[in-house]
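In the numbering used here, the protein residues as written are 29 to 138.
Where a beta carbon is used, it is the ideal one built from N, C-alpha and C, also for glycine.
Because the structure is a prediction, the values reported are computed rather than measured.
Below is one structure, written out as structure tokens; the observations come after it.
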């Protein structure tokens with residue numbers, strides 16, 4: 029089965045936020061989805077059209093096409109789908125953006 033590069037952020041909104049970054053297989057992602065863990069797809073709309081999306085995922089683009097981002101606005105959108113202390117899965121194309129976002133969340137909220 030094709031591996032999907034993802035980042036699992038555990039307890040990202042808790043006072044003692046710790047990020048666990050790594051790759052998950054499609055089976056592992058399916059298990060997390062079945063457990064109710066929100067999947068956040070941070071890619072661009074163009075990428076969603078090109079490759080499709082994971083059913084039930086939340087489409088919350090982080091970077092604009094010119095490489096800019098508004099972390100506060102993104103966190104506001106994230107708070108609509110993830111409760112404090114709740115794990116999430118971040119999805120991007122290669123893992124670079126998910127990793128950057130994970131480190132940002134860990135340093136900002138941890």
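Query	Result
Continuous beta strand (DSSP E) stretch holding residue 98: start and end	Segment: none, residue 98 is in no beta strand (DSSP E) and carries neither H nor E.
For residue 101 and residue 73, the rounded distance between their alpha carbons	17 Å
Coil, strand or helix - residue 126 by DSSP	helix
Beta-carbon gap between residue 60 and residue 119 smaller than 8 Å	no
Collapsed DSSP secondary structure at residue 57 in the structure displayed	helix
Enclosing beta strand (DSSP E) for residue 119 [first to last residue]	116-119
Close Cβ partners of residue 91 (< 6 Å) along its chain, the five nearest in sequence each way excluded	97
Assumed close pair residue 53, residue 67 - CB separation to whole angstroms, cut-off 8 Å	Not quite, the Cβ-Cβ distance comes to about 14 Å (not below 8 Å), so this is no contact.
Simplified DSSP assignment, three categories, for residue 39	Residue confidence is low: residue 39 scores 33 on pLDDT, short of 50, so the model does not pin down where it sits. No coordinate-derived value is stated.
Proximity to residue 79 [Cα-Cα], best of 94, 122, 57, 106	122
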